[in-house]
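For the sequence shown, UniProt numbering begins at 1 and goes up steadily by one.
Take a look at the structure below.
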Amino acid sequence: MDRLYERCCGIDVHKKMIVACFKRGNDQEIREYGTTTAELRELTAWLLNEKCEMIAMESTASYWKPLYNIFELSGLDAIVVNARDMKAVPGRKTDVKDAEWIADLLQHGLLKASYVPDREQRELREASRYRKSLIEERARELNRLQKMLEGANIKLSSFTSDINGKSSRRILNALLEGKKLDEEQLQELLHGSMHKKIPEIMKAVDGVLTPLQKQLIKNIIDHIDDMSRRIEDMDKLISNYLDKYQKAIKQIDEVPGIGIQSAETILAEIGLEMKRFPSDAHISSWAGLSPGNNESAGKRRNSKTTKGNKTLKTTLIQCAKSAVKKEGTFFYAQYQRLVVRRGKNRAIVAVAHSMLIAIYHMLKENKPYKELGEDYYNQFNKERKINSYLKKLYALGWEPEIDTQ
């Protein structure tokens with residue numbers, strides 16, 4: 001096979017050590033290094049001295065990041081490769097053999113580089129993902145609070161929309177202080193629109209809270225408040241680094257189901273430059289929202305979506321669940337069309353797929369969101385749809401009225 005690089009390096013990355021195989025034509029040299037910054041600088045100096053054209057390494061957990069940072073600062077070209085794209089021959093598994101295999105594949109141009117954003121976006125992505133994990137942790141704590149209240153025979157969530165809302169928290173604080181609530185006290189604690197629910201809430205808060213349960217609930221509420229404060233701090237921190245993203249955030253915010261925070265998360269994952277994705281099919285596959293390929297004997301079978309960027313995928317699915325509730329929109333019509341024959345989960349993923357395609361073209365072509373409307377699908381194959389509906393009506397016993405005049 002033809003050689004794409006005459007001088008290249010394959011690196012097998014581990015937590016405490018790395019093995020580098022430098023290819024120089026038919027010759028090769030193997031060296032081992034530690035993973036401290038000083039040792040990585042030694043590796044970099046060696047590769048610079050050897051005039052290395054390209055470096056490849058496996059995307060092992062987060063251990064590739066220190067190497068990539070040093071190579072980026074030193075001006076060395078490096079790619080990170082998914083492990084599934086470079087599986088070695090079975091039965092030859094050692095660190096040295098892995099490094100040799102990576103270098104050999106790289107030398108002949110048989111490796112596909114993963115998308116690695118620039119350092120600024122990588123840092124923004126870490127902050128955005130941390131905020132997302134904090135929000136998920138707060139949701140888990142709210143579920144724990146709900147379970148604790150159920151164990152104490154308090155059914156507050158059956159009559160309030162948010163167990164962490166102002167009215168609910170006032171009632172909980174009063175119960176934890178040992179107060180016996182009556183209708184007058186509830187009227188002071190509840191929001192005006194909830195006064196009509198006072199008789200039901202009186203029954204819901206008639207529970208049995210032991211001293212241990214009170215202490216546990218206080219700890220959970222304190223943790224929820226702490227998480228809320230940390231999420232607010234992360235919101236402020238992220239907003240300080242989003243100046244160049246403001247225009248794109250406003251664009252994406254126009255898409256039904258997507259809010260400001262979701263738009264920030266999406267942009268932190270995909271960036272502003274869409275040139276790195278040749279088409280909307282490529283970015284959909286990278287996000288894990290494309291249908292998988294499962295074809296045999298010329299027949300396509302049902303298959304799961306591809307693996308991809310988990311943060312982007314889950315964010316878009318959450319946005320899709322919100323978008324399908326807005327009547328009069330294209331996403332609502334798409335969901336209603338698919339949910340009957342494909343089920344809720346597949347229909348939601350299809351809507352998330354469409355949302356990502358819309359975002360891709362908005363950013364690439366710098367155009368605002370265009371709402372296609374709820375009747376978009378009715379514009380195609382009108383005669384065929386009319387005949388289909390008529391067949392259903394005839395099957396139900398309907399007959400057209402005949403004008404005898």
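Ideal Cβ positions, reconstructed from N, Cα and C, are used throughout, including at glycine.
Beta carbon of residue i nearer than 9 Å to that of residue j
i, j, result
"D12", "V81", "no"
"A352", "A320", "yes"
"L216", "M148", "yes"
"T35", "M17", "yes"
"Q185", "L363", "no"
"L267", "H108", "no"
"E269", "L237", "no"
"C52", "R7", "yes"
"G288", "T315", "no"
"M234", "R131", "yes"
"A83", "S59", "yes"
"K23", "D85", "no"
"A347", "E374", "no"
"E273", "S128", "no"
"S228", "R144", "no"
"N378", "K370", "no"
"I224", "N164", "yes"
"Q121", "G271", "yes"
"S290", "A297", "no"
Same chain only: Cβ atoms within 8 Å of residue i, ignoring 5 sequence neighbours per side
i, result
"M331", "Checking the sequence shown, residue 331 turns out to be Phe, not Met. P256, G257, A320, A323, V324, V351, S354 and M355, listed in sequence order."
"P368", "Q251, E254 and M362"
"K218", "L176"
"I249", "L242, I260, A263, E264 and L267"
"K166", "H191"
"K285", "The question names Lys, but residue 285 in the sequence shown is Ser. Answer for S285: T306 and G308, listed in chain order."
"H14", "T35, T60, Y63 and D95"
"L142", "I163, N164 and I224"
In DSSP terms, what residue i is bridged to
i, result
"D27", "R24"
"A56", "G10 and I79"
"K299", "S296"
"A113", "V81"
"P291", "T305"
"G34", "M17"
Residue closest to residue i, alpha-carbon to alpha-carbon, out of the options
i, options, result
"R342", "G373, K304 and G308", "K304"
"Q28", "R41, H14 and C9", "C9"
"I30", "D98, M86 and D77", "D98"
"D182", "E200, R169 and S193", "E200"
"E327", "L110, Q146 and Y376", "Y376"
"D2", "Y115, L106 and K310", "L106"
"A56", "T210, A78, I359 and L145", "A78"
"V116", "S228, N309 and T210", "N309"
"I70", "L47, E365, R384 and D225", "L47"
"P211", "D85, A152 and R346", "A152"
"S279", "I359, K93 and G192", "I359"
"G178", "K93, K15 and V208", "V208"
"W64", "S114, L189 and I220", "S114"
"Q318", "N345, V339, L338 and I402", "N345"
"E72", "R41, W101 and K87", "R41"
"residue 407", "N387, E150, K203 and T94", "Because the chain is modelled from 1 through 405, residue 407 falls outside the range shown and cannot be assessed."
"N366", "K275, L76, K93 and E401", "K275"
"A20", "S239, K382, W101 and I220", "W101"
"L76", "M54, K87 and I357", "M54"
"K112", "K87, S239 and I402", "K87"
beta-carbon residue i near the ligand FMN non-hydrogen atom, thresh 8 Å
i, result
"H191", "Among the ligands in the structure shown, none appear at all, so the ligand FMN cannot be discussed."
Same chain, Cβ closer than 7 Å to residue i, five either side skipped, listed in chain order
i, result
"Y241", "L124"
"V205", "I154, L156, I171, L175 and L181"
"D162", "S168"
"Q187", "H195 and I198"
"I135", "I231"
"I220", "E141, R144, L145 and M148"
"E383", "none"
Other residues of its chain near residue i: CB distance less than 6 Å, five sequence neighbours each side excluded
i, result
"T329", "P256"
"Y33", "I18, E39 and L43"
"N294", "R301 and S303"
"I283", "F277 and Y360"
"Y245", "L267"
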